[in-house]
Amino acid sequence: MVADSYSSAQYLLYVFRGYFKYDFDYMAVIVSVLILLFITIYHVYSTIISDIMNQGLALIKVISLLIISIVGLVRLSGADSTNWSNVFNKSSKTGVYELGSYGNGLIQILYAYEGWNNINYLIEESNEPKDVSLKYSSFISVIISILLYCFTNAAFITVIGNNITNNDNIPIALRFGKELLGKSGEILLSLLVAISAFGGVSAMVFVYVRLLYCQIIIF
Numbered sequence: 016m017v018a019d020s021y022s023s024a025q026y027l028l029y030v031f032r033g034y035f036k037y038d039f040d041y042m043a044v045i046v047s048v049l050i051l052l053f054i055t056i057y058h059v060y061s062t063i064i065s066d067i068m069n070q071g072l073a074l075i076k077v078i079s080l081l082i083i084s085i086v087g088l089v090r091l092s093g094a095d096s097t098n099w100s101n102v103f104n105k106s107s108k109t110g111v112y113e114l115g116s117y118g119n120g121l122i123q124i125l126y127a128y129e130g131w132n133n134i135n136y137l138i139e140e141s142n143e144p145k146d147v148s149l150k151y152s153s154f155i156s157v158i159i160s161i162l163l164y165c166f167t168n169a170a171f172i173t174v175i176g177n178n179i180t181n182n183d184n185i186p187i188a189l190r191f192g193k194e195l196l197g198k199s200g201e202i203l204l205s206l207l208v209a210i211s212a213f214g215g216v217s218a219m220v221f222v223y224v225r226l227l228y229c230q231i232i233i234f
């Protein structure tokens with residue numbers, strides 16, 4: 016939760032500053048605290064507002080990933096398909112085939128998939144849930160998430176090319192936006208990432224307070 020709120024603050028500040036500060040960023044810390052405070056306030060104020068916010072933020076994230084995926088497929092049918100040439104042809108000197116590299120990669124993508132299962136904690140709040148939908152909802156949501164992120168990564172490779180990791184100072188999503196729309200695309204993607212991270216924090220607050228309440232009541 017803290018990591019996601021800090022990430023949201025960093026990308027939000029990038030919209031206004033145009034750069035990332037990788038050492039201690041007191042401004043990002045302040046903004047992340049304000050993000051957590053704002054999320055807490057509207058969750059405490061109204062469950063209806065929190066429901067609308069969380070569903071709206073999830074919808075924005077899914078639509079954004081769909082648009083990125085479609086753009087990648089469109090560009091793949093053109094000249095950008097050459098960007099896939101030798102995409103897995105990496106020198107062993109780069110360390111990409113070391114065991115630790117795979118572990119590091121899994122940790123970096125963890126937040127992309129983690130969180131979609133939170134709906135399981137809210138089953139008892141569903142209005143007249145059907146056994147069939149509950150049985151398959153988690154499985155289907157995970158499959159949808161996998162497909163969305165696979166197509167999104169494919170879009171990044173298609174647009175940016177084989178040297179997708181050469182410039183680690185600029186996140187891949189922002190480079191994708193810059194390749195398509197220039198500086199405005201970079202800002203747009205930064206804003207979408209900030210919204211996505213904000214939505215992740217909001218969903219965690221929505222779920223975890225219920226877990227804490229259940230623990231207090233039961234134990």
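Note that the working numbering numbers the sequence shown so that position 21 is 36, with each residue one more than the last.
Glycine included, every Cβ here is placed at the ideal spot set by N, Cα and C.
Nothing here was measured: the structure is a model prediction, and the numbers come from that model.
Measuring CA to CA, which of Phe31, Ser23, Ile54 is closest to valine 44?
Residue 44 sits at position 29 when you count from the first residue of the sequence shown. Checked all of Phe31, Ser23, Ile54; the closest Cα to valine 44 is Ser23.
Could you tell me the alpha carbon to alpha carbon distance between lysine 76 and leucine 52, rounded to whole angstroms?
Numbered from 1 along the sequence shown, position 61 holds the residue referred to as residue 76. Numbered from 1 along the sequence shown, position 37 holds the residue referred to as residue 52. Roughly 22 Å separates the two Cα atoms.
Can the beta-carbon of tyrosine 26 be found less than 9 Å from the beta-carbon of leucine 206?
Reading the sequence shown from its first residue, position 11 is the one you call residue 26. Reading the sequence shown from its first residue, position 191 is the one you call residue 206. For the 9 Å CB-CB criterion, tyrosine 26 and leucine 206 form a contact.
For the putative contact between phenylalanine 191 and leucine 204, defined by C-beta atoms under 8 Å, what is the C-beta separation to the nearest angstrom?
In the sequence shown, residue 191 corresponds to position 176, counting from 1. In the sequence shown, residue 204 corresponds to position 189, counting from 1. Yes, they are in contact, since the Cβ atoms of phenylalanine 191 and leucine 204 sit about 6 Å apart, within 8 Å.
Specify the secondary structure class of glycine 176 as computed by DSSP and reduced to three states.
Within the sequence shown, residue 176 is the residue found at index 161, counting from 1. The answer is coil: DSSP assigns glycine 176 none of H, G, I, E or B.
State the Cα-Cα distance for the pair isoleucine 187 and isoleucine 155, rounded to the nearest angstrom.
As a working mapping, residue 187 is identified with position 172 in the sequence shown. As a working mapping, residue 155 is identified with position 140 in the sequence shown. Rounded to whole angstroms, the gap between the alpha carbons of isoleucine 187 and isoleucine 155 is 27 Å.
Round the Cβ separation of glycine 93 and alanine 170 to the nearest angstrom and send it over; I've been treating them as touching at under 8 Å.
For this step, residue 93 is matched to residue 78 along the sequence shown. For this step, residue 170 is matched to residue 155 along the sequence shown. That pair is no contact at about 13 Å.
Is methionine 16 closer than 9 Å to valine 216 when the C-beta atoms are compared?
For the purposes of this step, residue 216 is identified with residue 201 of the sequence shown, where counting begins at 1. For the purposes of this step, residue 16 is identified with residue 1 of the sequence shown, where counting begins at 1. The answer is yes: Cβ separation under 9 Å.
Three-way DSSP call (helix, strand, coil) for asparagine 119 in this model
Locating residue 119 in the sequence shown gives position 104, where the first residue counts as 1. Note: asparagine 119 maps to helix in three-state DSSP.
Going by alpha carbons, who is nearest to phenylalanine 39 out of Ile231, Thr55, Tyr21?
For this step, residue 39 is matched to residue 24 along the sequence shown. Each of Ile231, Thr55, Tyr21 was checked against the Cα of phenylalanine 39, and the nearest Cα belongs to Tyr21.
If you follow the alpha helix (DSSP H) that serine 92 is in, where does it begin and where does it stop?
Along the sequence shown, read from residue 1 onward, the residue named residue 92 stands at position 77. Here serine 92 belongs to no alpha helix (DSSP H), and DSSP marks it neither H nor E.
Round the Cβ separation of leucine 226 and tyrosine 136 to the nearest angstrom and send it over; I've been treating them as touching at under 8 Å.
By one-based count along the sequence shown, residue 226 stands at place 211. By one-based count along the sequence shown, residue 136 stands at place 121. With a contact defined as Cβ atoms closer than 8 Å, leucine 226 and tyrosine 136 qualify at about 6 Å.
Helix, strand or coil at lysine 76 according to DSSP, with G and I counted as helix
Reading the sequence shown from its first residue, position 61 is the one you call residue 76. Under the three-state reduction of DSSP, lysine 76 is assigned to helix.
Short Cβ contact (9 Å threshold) for tryptophan 99 with threonine 173
Residue numbering aside, residue 99 sits at position 84 when the sequence shown is read from its first letter. Residue numbering aside, residue 173 sits at position 158 when the sequence shown is read from its first letter. Contact flag set, yes.
I'd like the span of the alpha helix (DSSP H) that includes leucine 204, first residue to last.
The residue you call residue 204 lines up with position 189 of the sequence shown. Secondary structure note for leucine 204: its alpha helix (DSSP H) is the uninterrupted segment 198 to 233.
Measuring alpha carbon to alpha carbon, tell me which residue in Gly118, Leu80, Asp66 is nearest cysteine 165.
By 1-based counting over the sequence shown, the position of residue 165 is 150. It is Leu80 whose Cα lies nearest to the Cα of cysteine 165.
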